[in-house]
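Just below is one structure, and these are the notes that go with it.
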Amino acid sequence: MPVRRQSTRTARCLGVAAVVGFGVNHWMGPGYAVKGSWEGAPSTLKDREFDSVLKGLEPTINLPPITFKREGLALSVEDGRLLADYVSKFGDGKTFQLRVNDEQDWRAGLSTDDASLRVRGQGPNLDNIFWEASQQGHADGVGDVLLEFNSDKAYNLTVAQAKLAQVLGADLGARVRATNDGVTGRLDAERRLGDVKLRYSVENPVGVYDLGKSTHVGEIAAGVAGGDAKLSIT
0 MPVRRQSTRT ARCLGVAAVV GFGVNHWMGP GYAVKGSWEG APSTLKDREF
50 DSVLKGLEPT INLPPITFKR EGLALSVEDG RLLADYVSKF GDGKTFQLRV
100 NDEQDWRAGL STDDASLRVR GQGPNLDNIF WEASQQGHAD GVGDVLLEFN
150 SDKAYNLTVA QAKLAQVLGA DLGARVRATN DGVTGRLDAE RRLGDVKLRY
200 SVENPVGVYD LGKSTHVGEI AAGVAGGDAK LSIT
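Using numbering that gives the first Met the number 0, read the sequence shown as starting at 0 and increasing by one per residue.
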């Protein structure tokens with residue numbers, strides 16, 4: 000009787016090894032990863048442990064991404080999720096983009112050379128959508144202007160002038176950024192004396208207008224022995 004039980008256990012172990020060997024040979028290939036392992040002697044395999052051993056030998060399969068594209072429409076599978084993407088260009092430099100997945104999450108965007116609008120939501124319900132927009136350009140006498148705002152009523156207005164003026168031989172530049180939390184500004188001054196370049200900047204934290212709490216940075220740069228040497232003081 001003990002010999003029969005030993006034979007039954009041995010047959011089961013050989014069956015498990017055959018199944019595992021077939022699974023590995025069948026699934027292994029380019030782009031696929033199959034993993035499964037069990038360590039132990041056949042004599043330690045008891046009836047009550049058989050299910051747990053089989054569970055440990057179950058392969059973990061990582062499938063490669065699949066993509067089909069045609070005339071701006073793309074269907075793909077990534078991490079087990081179905082995605083649909085659509086891109087269309089029209090007019091003068093205008094681009095429309097749309098992405099939807101199998102959980103009804105969607106994102107849409109419309110962009111031009113100087114403006115963009117991005118919207119995201121879930122399903123046909125438009126009550127919980129989120130959008131953000133931006134526009135940039137150059138205004139004579141003002142400088143480069145960037146405006147960003149969104150559906151949460153947060154905004155960011157940045158105005159930058161690389162060459163604002165020249166004072167005592169130093170070139171002045173400035174940048175101002177206004178947000179919901181306040182305004183921050185930065186003033187840069189740069190002057191060259193022969194091979195030596197002098198730079199100075201001062202910038203206040205957002206919403207803090209005390210000059211004593213601003214960040215001051217001074218820098219001296221010069222060419223030395225065929226290289227560059229720089230000294231910064233904050």
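No residue lacks a Cβ here, since even glycine has one placed at the ideal position from N, Cα and C.
Item                                                                                                                                                                                      : Value
Applying the criterion that 16 or more other CB atoms from any shown protein chain within 10 Å of the CB defines a buried residue, is A188 buried or exposed?                             : buried
By how many angstroms is the C-alpha of Q121 removed from the C-alpha of D104?                                                                                                            : 4 angstroms
Going along the chain, which residues of its own chain have a beta-carbon closer than 6 angstroms to the beta-carbon of W145, five neighbours each way excluded?                          : This sequence places Leu at residue 145; Trp is not what is there. Taken in chain order, the residues that qualify are Q135, T157.
Could you check where the beta strand (DSSP E) with G217 kicks off and where it finishes?                                                                                                 : 214 to 223
Quick one: what does DSSP say G211 is sitting in, helix, strand or coil?                                                                                                                  : helix
Closest to L109 by C-alpha separation, out of K88, R174, N100, D194, would be which residue?                                                                                              : K88
Identify every run of the beta strand (DSSP E) within the stretch 111 to 158, keeping only runs that are complete inside it and at least 3 residues long; order them along the chain.     : 114 to 121, 124 to 138, 142 to 149
Rounded to whole angstroms, what is the Cα-Cα separation between G138 and A153?                                                                                                           : The amino acid occupying residue 138 in the given sequence is Ala; Gly does not appear at that position. C-alpha separation (whole angstroms): 23 angstroms.
Buried or exposed for T183, going by 16 or more other Cβ atoms inside 10 Å?                                                                                                               : buried
In chain order, what residues of the same chain have a beta carbon less than 7 angstroms from the beta carbon of D101, not counting five sequence neighbours either side?                 : R80, L81
Kindly list the residues whose CB is nearer than 6 angstroms to the CB of V205, restricted to its own chain and excluding five residues on each side of it in sequence; keep chain order. : D180, G181, T183
Can Y85 and L74 be called in contact, C-beta distance under 8 angstroms?                                                                                                                  : no
So what does DSSP say about V166, is it helix, strand or coil?                                                                                                                            : strand
According to DSSP, is D91 part of a helix, a strand, or is it coil?                                                                                                                       : coil
When the Cα of R83 is compared with those of F67, T94, G92, V216, which residue comes out closest?                                                                                        : The question names Arg, but residue 83 is Ala in the sequence shown. When only C-alpha atoms are compared, the closest one is F67.
Can you tell me whether R69 is buried or exposed? The criterion is at least 16 other CB atoms within 10 Å of its CB, across all chains shown.                                             : exposed
If we call anything under 8 angstroms between Cβ atoms a contact, is D227 one with A220?                                                                                                  : yes
By the DSSP assignment, the beta strand (DSSP E) with E77 in it spans what residues?                                                                                                      : 72 to 77
Going straight from the alpha carbon of V216 to that of D112, what length do you get?                                                                                                     : 35 angstroms
Whose C-beta lies closer than 7 angstroms to the C-beta of G92 among residues of the same chain, with five residues either side of it excluded?                                           : T111, D112
Would you mind stating whether Q160 and G172 have Cβ atoms separated by less than 8 angstroms?                                                                                            : yes
Excluding the 5 residues preceding and the 5 following V175 in the sequence, name in chain order all residues of the same chain whose CB lies nearer than 6 angstroms to its CB.          : V158, G184
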